[in-house]
Amino acid sequence: MPSPSTSSRRSAETLAPTYPPKAPSPLFTGRCFCALTTFAVTALPTRSYICHCTDCRQFSGSSFHHMAVFPASSVTITTLQSSPKLFPAIAGLSIGSSITAFGEPGHGTRQFCTKCGSSLFMTVPDSIEEMRGSVIIGVGSIDGSESDERLRPRYEGFCKRREAWMREVEGAVESEEW
Ligand SMILES: [Zn+2]
Ligand SMILES: [Zn+2]
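So that you can map any letter, position 60 of the sequence shown is 60 in full-length UniProt numbering, and since no number is skipped, the others follow by simple counting.
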């Protein structure tokens with residue numbers, strides 16, 4: 001026999017409006033340098049890692065690239081030129097003209113802001129099973145990333161190309177290649 005408080009709570013729930021469904025609140029938000037493109041993510045990263053490979057160094061323009069992997073279905077992109085859209089799962093498809101995609105077949109496709117050039121997203125071929133359905137986001141574009149333990153790198157790739165002056169990330173798994 002339910003207590004009176006339980007049954008009154010239950011009837012309040014029944015009366016509560018159920019439509020429109022409430023969108024899950026984002027766990028992360030971010031933007032490019034000029035803020036033409038902003039994004040929101042409703043899931044935790046499946047991986048956060050640093051890559052020292054030549055491609056990542058050139059794309060980021062830095063000595064290494066810190067990235068986090070998210071389910072593509074959790075990422076919504078908004079640009080000043082269009083309404084919010086889920087991340088395009090097809091590699092190479094860009095949103096309006098605010099994001100340009102660059103990549104070669106069989107390799108990762110990297111996406112950057114057409115206006116300010118900020119590196120934003122990356123997708124890898126579906127043949128890499130553990131990354132299927134994922135989008136990789138440059139952690140520097142995520143708001144407040146510098147103090148967010150959820151984004152701390154747990155993996156370091158291409159350590160053979162790590163700068164000689166740079167120390168390994170404490171506690172991260174190291175790999176000489178991918
Ligand atoms: Zn921009
Ligand atoms: Zn890399």
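Glycine is no exception: its CB is placed at the ideal position from the N, C-alpha and C atoms.
Decide yes or no for the touch test of the segment 167 to 174 against the segment 143 to 150: beta carbon pairs closer than 8 Å, at least 3 of them.
-> No: fewer than three Cβ pairs fall under 8 Å.
Where do the ends of the beta strand (DSSP E) carrying C51 lie?
-> Residues R47 to C51.
Give the straight-line distance between the Cα atoms of R110 and G103, rounded to the nearest whole angstrom.
-> C-alpha separation (whole angstroms): 6 Å.
Leaving aside the five residues before and after L80 along the sequence, list all residues of the same chain whose C-beta is less than 6 Å from its C-beta, in chain order.
-> Excluding positions up to five away in sequence, the list reads L36.
Quick one: using the 10 Å Cβ neighbour count with 16 as the cut-off for buried, is C116 buried or exposed?
-> Sixteen is the threshold: since fewer than 16 other Cβ atoms of the shown chains lie within 10 Å of the Cβ of C116, the residue is exposed.
CB of C56 to nearest heavy atom of ligand 1: below 7 Å?
-> No, the Cβ of C56 stays beyond 7 Å of every heavy atom of ligand 1.
Sub-8 Å separation of I77 and F64 beta-carbons | Taking 8 Å as the Cβ cut-off, I77 and F64 do not qualify as a contacting pair.
Cβ-Cβ separation, S118 to C32 (assumed contact under 8 Å), whole Å = Rounded, the Cβ-Cβ distance is 4 Å, consistent with contact.
My guess is that S141 and G30 are in contact by the Cβ rule of under 8 Å, so how many angstroms apart are they, rounded?
-> 5 Å between Cβ atoms; contact.
Around the Cβ of R132, are there at least 16 other Cβ atoms within 10 angstroms (buried) or fewer (exposed)?
-> Burial call: exposed.
So, helix, strand or coil for V169, using DSSP?
-> In this structure, DSSP gives V169 a state outside helix and strand, which the three-state scheme calls coil.
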